[in-house]
Each structure stands twice: as C-alpha cells, then as structure tokens.
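K.L.:
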Amino acid sequence: MSLLTQHLGSQLVDLGSALLLLTCFAIVAQRRLSACVDLFALQSVFLALTAALVAFLTGIHHIYIAAALTIVIKVVVIPRILKRVIERLNVTRELQMNVNVPTGLLVCGGLVILAFFITQPIIPLGFLLTRDSLAIALAIILIGFFTMIARKKAVTQVIGFLVMENGLFLGAAAAAYGMPLIVELGVFFDVLVGALIIGIYSHRLQDTFDSVDTSKLTTLKE
Amino acid sequence: MNSIVAPVVVFLGAPLLAVVLSLATTHARLLHGLNLATMTGLVVSEIALIQQVLAHGPQTALWGLVYIDALSAFILFIVTFIGLACSLYTWTYLDDYMARGMITPRRLSQFFVLFHGFLLAMIVATMANSLGVLWVAIEGTTLATTFLIAFFRKREGLEAGWKYLILCSVGIALALFGTVLTYYSSVRVLGDESSALNVTKLLEVAGQLDPHVLKLAFIFLFVGYGTKIGLAPMHAWVPEAYSEAPAPVTAMLAGVLETVAVYAVLRSKAIMDQALPPAFTGNLLMLFGLISFAVAALFILIQRDYKRLFAYSSVEHMGFVMVGFGVGGPIGTFGGLFHLLNHALAKALAFFAAGNVHRRYATREISEVQGLANIQPITAVAMLVAGLALVGMPPFSMFVSEVMVVSALATQSFASDTLHLGRFLTIIIAHDVRSLAIVTLFLLFAVALFGGFTYRMVSMVWGAAPDGVRRGEPWDVGHVPLILTGAALVGFGLALPEPVKGLMDRAVAILMVR
Chain A
6 MSLLTQHLGS
16 QLVDLGSALL
26 LLTCFAIVAQ
36 RRLSACVDLF
46 ALQSVFLALT
56 AALVAFLTGI
66 HHIYIAAALT
76 IVIKVVVIPR
86 ILKRVIERLN
96 VTRELQMNVN
106 VPTGLLVCGG
116 LVILAFFITQ
126 PIIPLGFLLT
136 RDSLAIALAI
146 ILIGFFTMIA
156 RKKAVTQVIG
166 FLVMENGLFL
176 GAAAAAYGMP
186 LIVELGVFFD
196 VLVGALIIGI
206 YSHRLQDTFD
216 SVDTSKLTTL
226 KE
Chain B
11 MNSIVAPVVV
21 FLGAPLLAVV
31 LSLATTHARL
41 LHGLNLATMT
51 GLVVSEIALI
61 QQVLAHGPQT
71 ALWGLVYIDA
81 LSAFILFIVT
91 FIGLACSLYT
101 WTYLDDYMAR
111 GMITPRRLSQ
121 FFVLFHGFLL
131 AMIVATMANS
141 LGVLWVAIEG
151 TTLATTFLIA
161 FFRKREGLEA
171 GWKYLILCSV
181 GIALALFGTV
191 LTYYSSVRVL
201 GDESSALNVT
211 KLLEVAGQLD
221 PHVLKLAFIF
231 LFVGYGTKIG
241 LAPMHAWVPE
251 AYSEAPAPVT
261 AMLAGVLETV
271 AVYAVLRSKA
281 IMDQALPPAF
291 TGNLLMLFGL
301 ISFAVAALFI
311 LIQRDYKRLF
321 AYSSVEHMGF
331 VMVGFGVGGP
341 IGTFGGLFHL
351 LNHALAKALA
361 FFAAGNVHRR
371 YATREISEVQ
381 GLANIQPITA
391 VAMLVAGLAL
401 VGMPPFSMFV
411 SEVMVVSALA
421 TQSFASDTLH
431 LGRFLTIIIA
441 HDVRSLAIVT
451 LFLLFAVALF
461 GGFTYRMVSM
471 VWGAAPDGVR
481 RGEPWDVGHV
491 PLILTGAALV
501 GFGLALPEPV
511 KGLMDRAVAI
521 LMVR
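Protein sequences, first through last, are from chains A and B.
Letter by letter, the first sequence follows residues 6 to 227 of the working numbering.
Letter by letter, the second sequence follows residues 11 to 524 of the working numbering.
See below:
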C-alpha cells in the first residue's frame, strides 16, 4: 500500500470516528425519542462504514462480517424493536431529565477531553492507521454512560447503553483491527438478545407501572 | 489421547440438552428429574476432571477452545456441587408454588430453560480459553438471570430485574473495553488476530505486554467484573436482586455467579501480574475489598429484611475474598480461595433457609419472624448454622478462611514503595502503623457485623411464634441440601478433602506467578 493511501486511509478512519462522536452529541441534545433512535441508527451506519474502511485498508476480512452484522442488527433490527416499544408506550418526548441539555453537552465536552487524557500514554503504541480512534472510542463509551445517567426514560437509557456498545466496537475494530471472530459473533449475539429482553421488559414495566419512566422504579429502597 | 474431552463434552452438552428438553415439556416431575440428572452428570464429570487436572496439570481440549487448569477446575467444583444442592432444593420449592397455583406448568418449563442457560453460560465462562469468550459468557449470565430474578412477575421483581440488567450490562461493557485493551496490547506481540485473547497464548507472552495498556485494561476489567461480583460502590443491584429472586436462584447468584465473576478477575490478574509492577492489581483488589467490607458492615447494621441482610453479607464476604487475593502470598491467596468455597456453601444454606422462612411466614421483615425453632425446627437450625458461619464463628470452615486472610493481612508488608493507589495514605502514616491501622479498622467492622448479624439471627430463631403460622416441618427432599451444605461447612473446617486441597494448592501456584 502506498504511503498516500495509508495517509488518506488514516484520515478517513479518523473522519468516520469523528462522525460517530458527533452523533453522540446529537443524541445527548435530542429530546424526541424516535429521533434518538434514528440518530443511533445513523451512528451505527457510520460505525459500519468505518469498520469496512478498516477492513479494506488492512485486508483483514473478518471485519467485513462484523460491519455487515452491524448493519443488520444495529441499523435495522434494534431500531425497529425500539420504535415499536416507543409506539406502544405512546411517549414521544422526554421533558424531564436529570441533567438538562446545555449542561449535558458541556459535560460531554469534558468527557471527550478526559478520554484523550486517559489514553494519551498508550496511543503512541497503536497502529499508525487508527491511532486516535481509541481515544474517540473511549469518549463515546463515556458519553453513552453519561446518557444513561442523565436520562430517565427506559428507552433513552437503552440507547445510552447501545451507544456504549458502539464505542466499544469502534475501539475493537479501529484501534485493534477487530477482535477474534468468535468473540465478535458472541458480542453481537449478546447485544441482540439484550435488546430483545429490554423490549420485553418495557412491555412488562408499562403494564405493571403504567410508565417506563425509570424514576418511578422506587419501590425498592433502604 | 486427550482424556479431559469426555468430561468437557458432558459439561457443555448436558446443560444445552437440558435447555432443549425443558423447552419441549411442561411435565413437572420430568422437568425436575431432568434437572437433577443434569446436575448429577455435571458432578460426576467434575470429579473426573479433578482427577485429570491433579494427575496431568493444565490441559486444553476441543481444538484449543477449552482450557482447564486447577483454578478453573476449583471454580467448577463450586459450580457443580452448589448447583446440585440448588437442584434438590428447587424441587420442593417450586412444587410448593405450583401447589399454591402461583406458577403454571408453562412457567415451570421456562424456569428450567433459563436456569440451564444460566448454568451453561457459567460453565462456558469458566472453561473458555479466551478472555473474549469469557466476557461473552458472563454477559450471557446477565441475560439468562434477569428473567429468573423477575420470575414471579411482581412489581418489585420487575424493578429488581430491570436494575440488575441495566447495571450489570453497563458494568460488563466496561469489562469489554478492558478486554479490547488487552487485545490491543497482545496482538502487537503475538501478531495473530485469532488467538491473541487466548489464555494459553497470553500466559506465554504476558511478560512482554505493555504495562501502560495493561494497567488501564485491568482497571476496566476489574470495575466491570467487580459490578458482577457486587463490590461496593457498584453493589446497588445486589440487595434488590437477591431479595426478589426465587430462593434457589438467589442461592445460585450468591453462591455460584459471584464465584464465576471472581474467577474472571483472577484469570485476568494471573496474566497481568506478570507484566505489571508488583502489587498493582493486588492493591486495587484490596482497596475495593476494604470499601465493600466497610460499606456492607454499615448497611447490615440497619437492615430489617433478612434476605437483604444476607445480600449485604455477600457484598461483605466478596470484599473479604478480594482482600485475601489482594494481600496475596500463599496464605492470603489460599484463604481467598477457601473463603470463596465457604461463602458459596454458607450463602446457599442461608438462602435455602430464608426461602423456607419466607414461604411459611410470608414476610421478609425480621421483626415479624419469631419462634422459628418451634415452627420449622430444621430450618431454624440451618438459619442458625448459616448465620454463625457467616459471622466467622468456629467450628465452621469460614472461621478458618477468615483467620487465614486476616493473618495474611496483618503479617504481609504490602510493597508500599511501588504503591500507586494508596500513595496518599503512605505519606500520612508509616507503613507498619498503616497495616496495623487497617487491620484494626477491619476487625472493628467485623465486630459490628458480628453483633448486627447474630442479634438478628437469634431474634428470628427464638421467641414466641406468632399466631396463624402453621407449625411443624414434615420431611422432604428439600431438606437434603440443607443438611449437606451445613455438614460441609462443619466438615471443611475440620479437614479439607485431599483432592480439593490439592486443587487449591495448585490454584494458589497459578495465582502467584511471580
């Protein structure tokens, strides 16, 4: 591979990672639940493209499989499950949050800086092609985590969790050129089953509590 | 000819077969029989496995996907024997609920499908030769157990199951990042993508891995699996899940699942200790262990619900185990392993007894349970034995392991010069004084625990029985596990069976690689 493709490829992978990060911010700022799901699907598209790019540039073929699975599971199946949940629950907007949007965005900015700070000592060890992706992956994981804390609705908490998964996958695909195939398949299986279970839960929670606002889950206390 | 293949195939095949067969039938007796047969098969193959490991050392099987050494064989010993006890208990427990019409045959079948799925995930986690597969299997346990916790479909159960799912999934996601980081460092050394997470490969090259990456990796792995172990401050799901789940499930969660999560931490530790500065992983374990111990002690003092009391006791004992492994050395590590075994036994016994009490009194309030000795004599003895064992009274085996850990803590001068986490402490007090202070504080909390726990157990067992609670406890198969686990708690305190001790000695050698 020529130096030029190498350089261009590295830039493109960085661009893809940055787009993933950007959609994270959009999710944090978005109050409409269905729009959050769409943004998650969009993020997964970026993830699949980035992974496919890494697969193309490195010639490691099994990353293609992971990219294809991302499209099927995270772009098509999971958003569909979540949309159905939202429809059935009849909630469209999240009005109350634990942390309001401007503060949330500020916190997320801080988290990105934190992620780069933490990974600073180990980034020079990485592959030339995808150096900064590890830091971005950690930033996405932290933002996903923060989303789970900041939001109250079960659906947005789940989206936060899925965003974390996307960050993890970016970390695996871009920073370490993909995990062993058997592990990747296992992770996808877990994510899919997890999404199904969450779908079932939100029905049961709705039936039992008349709400999927997790701040109402307060029966169990000290 | 690799001789562990047959037991390994049984280990993986039997629960899988049981899942399929449980799906196919709703006949109660058949389901219970199937469950018992599966567990017996597992116990038998575990015995074969122990013999092999003792005779020939660590082995791989099934194209290198399975790796068994003394540590995993020891964990499987706990999984299978506690699993068998749980199966026996499940029989009477679920029959009782069936008779009251609280669960339908369809739900019973679902219970066993999930139960065997849970079992399979734990076995895969313990046998996997890959840190990645280990992660996948541990996440699998979360998915399999969440509906077991919410099995009765009551409001509180759903809430507990949901919180468990979310908290553990998030925690375990952090562990996946740790796994990715481990891979990131090892793939550079090994160069081969397909085997760079294999335990056998990692052990070969562990010394060459980059310590910076591994430090970060271990922190993420430990926090992630620590959530699953239920260490403070990630323990919020423990009391809720343990108090809402059906009793046999709680016994499995507390006795077995926590043990498997500890195994995940130990496996990572054994690899990373070879590359990291001495005491890095140990100090991290010890710090979280001490925090868990202290937090649990305080919560135990204010508990009014006996199931939650036992749940916090789990947090406490897992903290204790972590302190044992954190201090390290032959005594600390052996004490930690022994304590894992004892905790599994005592906690299974405690939750079996708690399940019996709950079915009879229909309350979880300690103050409303009185005169257990008159109402359910066998359960009362079990409750007392479990309670006394859990506070570390002789002659129970927990006393022995606790003495080991505490004496290791008191004598081991943990390498304070290279200490990172406790550096601020080092500045304040010289290290002899500090180790003395920690031990003193530790024992102080232990005294608080002792008082809080014993007082409540005694108040439940004696006193005047409330009116309207049926007296008498006819003999049934559910009493067998009570007696067996109780007897093991006493017996292991007096003398450990030779094969188990041999297994533990070898596991200690694995964990003390340096």
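Just so you know, even glycine gets a beta-carbon here, dropped at the ideal spot from N, CA and C.
Source: prediction; values computed, not measured.
1. Are there 16 or more other CB atoms within 10 angstroms of the CB of L118 of chain B, so buried, or fewer, so exposed?
2. Taking 9 Å as the threshold (beta carbon to beta carbon), is R117 of chain B in contact with chain A?
3. Please report how far the alpha carbon of F170 of chain A lies from the alpha carbon of D137 of chain A, in whole angstroms.
4. Shorter than 9 Å from the beta carbon of W101 of chain B to some beta carbon of chain A?
5. For chain A, find out if any of its Cβ atoms is closer than 9 Å to the Cβ of F204 of chain B; answer yes or no.
6. Buried or exposed for L267 of chain B, please, with buried defined as at least 16 other CB atoms from any protein chain shown within 10 angstroms of its CB.
7. Can you name the start and end residues of the alpha helix (DSSP H) that Q120 of chain B belongs to?
8. Since I78 of chain A is in the beta strand (DSSP E), which residue starts that stretch and which ends it?
9. According to DSSP, which residues form a beta bridge with E375 of chain B?
10. Do F348 of chain B and M522 of chain B have their C-beta atoms closer together than 9 Å?
11. If you compare alpha carbons, which of A:L47, A:I76, A:L52, A:V33 is closest to L197 of chain A?
12. Could you confirm whether any beta carbon from chain C is found closer than 9 Å to the beta carbon of V143 of chain B?
13. Could you tell me which chain B residues have their CB closer than 8 Å to the CB of Q162 of chain A, listed as they occur along the chain?
14. Could you name the residues of chain B that D19 of chain A contacts, counting a contact when the two beta carbons are closer than 7 Å?
15. Can you pull the chain A neighbours of V146 of chain B, defined as C-beta to C-beta under 9 Å?
16. Note down the Cα distance separating G381 of chain B from K317 of chain B, rounded to an integer number of angstroms.
17. For E125 of chain B and V18 of chain A, I'd like the C-alpha separation in whole angstroms.
18. Kindly indicate if chain B contains any beta-carbon less than 9 Å away from that of F151 of chain A.
19. Given A264 of chain B, which residues of its chain have a CB within under 7 Å of its CB, disregarding the five upstream and five downstream residues?
20. Quick test of your reading: V188 of chain A and V146 of chain B, contact by CB under 8 Å. State the CB separation rounded to the nearest angstrom.
21. Whole alpha helix (DSSP H) runs in the segment 125-202 of chain B with 4 or more residues, listed along the chain?
22. Contact defined as beta carbons within less than 8 Å: I believe I145 of chain A pairs with L26 of chain A. What is the distance between those atoms, to the nearest angstrom?
23. L102 of chain A versus chain B: which residues are under 9 Å apart at the beta carbon?
24. Does any residue of chain A have a CB that is nearer than 9 Å to the CB of R466 of chain B?
25. Tell me the rounded alpha-carbon separation between F455 of chain B and A227 of chain B.
26. How big is the Cα-Cα spacing for A286 of chain B and L58 of chain A?
27. Could you give the first and the last residue of the continuous beta strand (DSSP E) run that contains Y182 of chain A?
28. Below 8 Å on the Cβ atoms is my contact criterion, and I expect F122 of chain B with N45 of chain B to pass it. Report the Cβ-Cβ distance as a whole number of Å.
29. Should T526 of chain B be labelled buried (16 or more other beta-carbon atoms within 10 Å of its own) or exposed?
30. Spatial neighbours of P509 of chain B within its chain, please: C-beta separation below 7 Å, excluding the five flanking residues on both sides.
31. F121 of chain A versus chain B: which residues are under 7 Å apart at the beta carbon?
32. Please report the Cβ distance between T151 of chain B and F128 of chain B, rounded to the nearest whole angstrom; I am assuming they are in contact, meaning their Cβ atoms lie under 8 Å.
33. Can you tell me which of the three DSSP states A255 of chain B falls into?
34. So Q48 of chain A is in the beta strand (DSSP E); what residue range does that whole segment cover?
35. In three-state DSSP terms, what is T36 of chain B?
36. In terms of alpha-carbon separation, which member of B:V468, B:L219, B:R480, B:A34 lies closest to M390 of chain B?
P.N.:
In brief:
1. buried
2. no
3. In the sequence as displayed, the identity of residue 170 of chain A is Glu instead of Phe. If you take the alpha carbons of E170 of chain A and D137 of chain A, they lie about 18 Å apart.
4. no
5. Note that residue 204 of chain B is Ser in the sequence shown here, rather than Phe. By this cut-off, S204 of chain B is an interface position.
6. buried
7. 115-137
8. First-last for I78 of chain A: undefined, no H or E at that position.
9. B:D315
10. no
11. A:I76
12. The chain inventory of the structure shown lacks chain C, comprising the protein chains A and B.
13. I176
14. What D19 of chain A touches in chain B: nothing, since even the nearest Cβ is about 17 Å away.
15. I187, V188, L190, G191, V192, F194, D195
16. 18 Å
17. Correcting the residue identity first, residue 125 of chain B is Phe in this sequence and not Glu. F125 of chain B and V18 of chain A: Cα-Cα distance of roughly 43 Å.
18. no
19. Y252, S324, K357, F361
20. 6 Å
21. 141-159, 165-200
22. 6 Å
23. It is worth fixing the name first, because residue 102 of chain A is Met in this sequence and not Leu. The premise fails here: M102 of chain A is roughly 17 Å from chain B at the closest Cβ pair, so nothing lies under 9 Å.
24. no
25. 32 Å
26. First, the amino acid is wrong: residue 286 of chain B is Leu here, not Ala. Taking the straight line joining both Cα atoms gives about 34 Å.
27. First-last for Y182 of chain A: undefined, no H or E at that position.
28. 6 Å
29. What is shown of chain B runs 11 to 524, which leaves residue 526 of chain B out entirely.
30. I60, L64
31. In chain order: nothing, as chain B lies at least about 13 Å away.
32. 6 Å
33. coil
34. Looking at the DSSP string, Q48 of chain A is not in any beta strand (DSSP E); the run it does join, the alpha helix (DSSP H), is 38-63.
35. coil
36. Going by the sequence as given, residue 390 of chain B is Ala instead of Met. Nearest C-alpha to A390 of chain B: B:V468.
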